[in-house]
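Take a look at the structure set out below.
Number of protein chains: 2
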Amino acid sequence: MRARKVISFDTIRVACKNCTLAALCLPRGLTPEDVEQLDGIVKRSKPLHRGDSLFCQGDPFRSLFVVKTGSIKTYATGPEGGEQVLGFHLPGELIGLDAIEKGVHACSATVLETSAICEIPFAQLESLSNRIPSLQHQLYRLLSKEIGQDAEMLLLLGKKSAEERLAGFLVSLSRRLRQRGLSATDFYLSMSRHEIASYLGLAVETVSRVFSRFHEEGFLEVERKHIQLRDLTALESIVAKAMMDHHPGSKPAQP
Amino acid sequence: MRARKVISFDTIRVACKNCTLAALCLPRGLTPEDVEQLDGIVKRSKPLHRGDSLFCQGDPFRSLFVVKTGSIKTYATGPEGGEQVLGFHLPGELIGLDAIEKGVHACSATVLETSAICEIPFAQLESLSNRIPSLQHQLYRLLSKEIGQDAEMLLLLGKKSAEERLAGFLVSLSRRLRQRGLSATDFYLSMSRHEIASYLGLAVETVSRVFSRFHEEGFLEVERKHIQLRDLTALESIVAKAMMDHHPGSKPAQP
DNA sequence: GCTTTCCCTTGATCCCGATCAAGGGATTGG
DNA sequence: CCAATCCCTTGATCGGGATCAAGGGAAAGC
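One line per chain: the protein sequences are G and Z, in this order.
The opening position of the first sequence corresponds to residue 915 in the numbering used here, with each subsequent residue numbered one higher.
The opening position of the second sequence corresponds to residue 915 in the numbering used here, with each subsequent residue numbered one higher.
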């Protein structure tokens, strides 16, 4: 059975002011009246399913999208096809920010699991932000946040072993889930090993092997998509250690 | 001799409206009157020299910086010292965008060669952008551009060999120099091999070896910091090829 | 219900790039 | 002017991860 349209329309249609994500999303810092205005331009569609597309590389840019529930992956395709995963997006995160500059989407976005998505026409958002300074400020903040996250990812990919990369991925996921009030240590991965591998710049086999190694070491339980982190501290220290191992650090002063 | 203050103050003090970078920088799309207003909040200091610091990781965020002439590197330091280079910045590029979200600089920025820098207090820029819609738009565009560039870098680091990474670096540099009206095939690198290596996630020795290999292949001439690209097309095709090699691509259809 | 297909895991081998080691050339400082 | 230092280059060795190969198990399609 595919079309489980029974998913509560209440969940889908919640206005911004009642949305549990308000603190993470655009409404942050806005007065109730301003949220009301923002609410007026947000389009809420019925839930999308695994494989559905939000936009494709090359599409003209019209709207930003926000994940309400579920998860999304963004990816770029080379001239010959094939894909490089650029990011995984959880509830409250904005998608499409990289398209503002050129007015054309530089990457594609598809749905990883049944998800509710808000669409926000950018032209309207922009002019609204011009009338609501705190919305403008929040938009600057969200764009800046995205830049910071990308830099973090560069750090992770810069010079790190497979273990460090996967640990970094899991720790980041865990932290973001906790922020959303979900379990930080027990969750289901909505993406395949192949997608994780592409994201981390590794081979599928390596991802699988490192999962096994982490399990042997007692860091986590893994059964297909179900992950239970047993020793988050150990994983965090793998990521932290990476920093100093790879970059010599302050010299021990001459004798 | 250190203090070569003889550098023409004319170059330093040019107002935005006379700056050759206007098309790349914040003034883009603004009316002359609006540029005048922007000009009022820009601080122009005397030239900075190699090793001077614009801001450090952890500093409170007050201003954005724009390179007028010269070049800048941004980098993050791990808890134990040691640095990971995050980016190299050429004239017209904004620095510090990643600090808006948290109000604290997430990375450090230092000067690679004698450079002229404009400082723009962000609070003033933000409120000005609220009165000038086209400035707001340009700020959104520049933030978005930064996100797009980071994504491009992720693509480069994702899954690529040393040759592909260095080729990508050179091609990107070449393109950016051309945009600024400089030679796309003959230039001096303002950063050391070590800094390039850190940026690309490689060892210094590897960077050196790949430079040599490119020279043997006739792709470029290299003498210390002086680079002359002889076969830009070859370098570009190395980058392009990477895409399809690493990501299988459309399957050739079953027999 | 059975086959097909995809996804994941594990094993074996090979290669690229990190690391170790050394030396030359340019710049800096005494 | 010479010594010290830093930066870059080249050579030799080693190891981690990609690749090749195989097999099991779950979901999907007939």
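Note that CB positions come from ideal geometry on N, CA and C, so glycine has one too.
All values derive from a computational prediction rather than experimental measurement.
- Rounded to the nearest angstrom, the gap between the Cα atoms of residue 1019 of chain Z and residue 1092 of chain G is 25 angstroms.
- Across the structure, residue 965 of chain G and residue 1147 of chain Z are spaced so that their CA atoms are roughly 37 angstroms apart.
- Here residue 1110 of chain G carries a helix assignment [DSSP, helix/strand/coil].
- Collapsing the DSSP output to three states places residue 1031 of chain G in a strand.
- The C-alpha of residue 936 of chain Z is placed about 16 angstroms away from the C-alpha of residue 1050 of chain Z.
- Not a single CB atom of chain Z sits nearer than 8 angstroms to the CB of residue 970 of chain G.
- For residue 1132 of chain Z, there is no enclosing beta strand (DSSP E), as DSSP gives it neither H nor E.
- Close to residue 940 of chain Z, with beta-carbon spacing below 7 angstroms, lies no residue of chain G; the smallest spacing is near 14 angstroms.
- By the C-beta criterion, the stretch 1108-1117 of chain G is judged to be in contact with the stretch 1062-1078 of chain Z, since at least 3 inter-stretch pairs fall below 8 angstroms.
- The residues 1076, 1077, 1080, in chain order, have a CB closer than 6 angstroms to that of residue 1124 of chain Z in the same chain once the five nearest residues on each side in sequence are set aside.
- The Cβ atoms of residue 1032 of chain G and residue 980 of chain G sit closer than 8 angstroms to each other.
- Assigned with DSSP and collapsed to three states, residue 1141 of chain Z falls in strand.
- Taken in chain order, the members of the stretch 1063-1083 of chain G whose beta-carbon sits within less than 7 angstroms of a beta-carbon on chain Z are 1064, 1065, 1067, 1068, 1069, 1071, 1072, 1073.
- Residue 953 of chain Z sits in a helix when the DSSP states are folded into three classes.
- Residue state for residue 1146 of chain Z is assigned as helix, using DSSP reduced to three classes.
- Residues of the stretch 1043-1057 of chain G that bring their beta carbon within less than 8 angstroms of a beta carbon in chain Z comprise 1043, 1044, 1047, 1050, 1051, 1053, 1054, 1055, 1056, 1057, in sequence order.
- Here residue 1089 of chain Z is exposed: its Cβ has fewer than 16 other Cβ atoms, across all protein chains shown, within 10 Å.
- Put simply, the stretch 987-1003 of chain Z touches the stretch 1097-1113 of chain Z. At least three CB pairs are less than 8 angstroms apart.
- Residue nearest to residue 1099 of chain Z within the set Z:1136, Z:1130, Z:1107 is Z:1136 (criterion: CA-CA distance).
- The criterion of a C-beta distance shorter than 8 angstroms is not satisfied by residue 1144 of chain Z and residue 1005 of chain Z.
- When DSSP reads this structure, residue 981 of chain Z sits in a beta bridge with Z:1031.
- When the beta-carbon positions are compared, residue 1105 of chain Z and residue 982 of chain Z stay at least 8 angstroms from each other.
- For the pair residue 947 of chain G and residue 977 of chain G, the Cα-to-Cα distance works out to about 23 angstroms.
- In terms of Cβ geometry, residue 944 of chain G and residue 1046 of chain G form a close pair [threshold 8 angstroms].
- For the pair residue 952 of chain G and residue 1042 of chain G, the CB atoms are nearer than the 8 angstroms cut-off.
- Residue-level contact by beta carbon holds for residue 1059 of chain G and chain Z, with a gap shorter than 8 angstroms.
- When C-beta distances to chain G are compared with 8 angstroms, every residue of the stretch 1025-1037 of chain Z stays at or above that value.
- Here residue 1016 of chain Z is exposed, its C-beta having fewer than 16 other C-beta atoms within 10 Å.
- At a Cβ-Cβ threshold of 8 angstroms, residue 968 of chain Z and residue 1023 of chain Z count as neighbours.
- Selection Z:1059, Z:1062, Z:975 evaluated against residue 1021 of chain Z yields Z:975 as nearest (Cα-Cα).
- Think of a sphere of 8 angstroms around the beta carbon of residue 990 of chain Z: the chain G residues whose beta carbon falls inside it are 1065, 1069, in chain order.
- Sequence-distant Cβ neighbours of residue 971 of chain Z in its own chain, meaning closer than 8 angstroms and more than five residues away, are 990, 991, 1019, 1020, 1021, 1022.
- Considering only beta carbons, the part of the stretch 1105-1116 of chain Z lying closer than 7 angstroms to chain G consists of 1115, in chain order.
- In this structure, the beta-carbon distance from residue 1061 of chain Z to residue 1064 of chain G falls below 8 angstroms.
- Residue state for residue 1152 of chain Z is assigned as helix, using DSSP reduced to three classes.
- Across the structure, residue 984 of chain Z and residue 1007 of chain Z are spaced so that their CA atoms are roughly 11 angstroms apart.
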